[in-house]
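Residue numbers (the working numbering): 9 to 62.
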């Protein structure tokens, strides 16, 4: 699961990341967002967790 950052830059986070407090999204939506250029959180690295190249 990933979470969008509220009120800040749009970033994808892992569900356990303390930096993301936004709306939960599914794995496939997170992959699409990352593939479309949305930044991954530099702390929880959802791109790595989803097996995507960084």
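For glycine and all other residues, C-beta sits at the position ideal for the given N, C-alpha and C.
Subject >> Nearest candidate by alpha-carbon position, reference residue 21, set 49, 58 and 33 >> reply: Taking only the C-alpha atoms, the option nearest residue 21 is 49.
Original post:
Can you tell which of 19, 43 and 51 has the C-alpha that lies nearest to the C-alpha of residue 32?
Top reply: Per the Cα distances, 19.
**OP:** Note down, in chain order, each residue of its chain lying with its Cβ closer than 8 Å to the Cβ of residue 42, except the 5 sequence neighbours on either side.
**Re:** Only 20, 48, 54, 55, 58 and 60 meet the Cβ criterion.
**OP:** Could you say which of 23, 44 and 52 lies nearest to residue 34 if we only look at CA atoms?
**Re:** Cα-wise, what sits closest to residue 34 is 23.
Subject >> Extent of the continuous beta strand (DSSP E) to which residue 42 belongs >> reply: Per DSSP, residue 42 belongs to no beta strand (DSSP E); it is in the alpha helix (DSSP H), 35 to 43.
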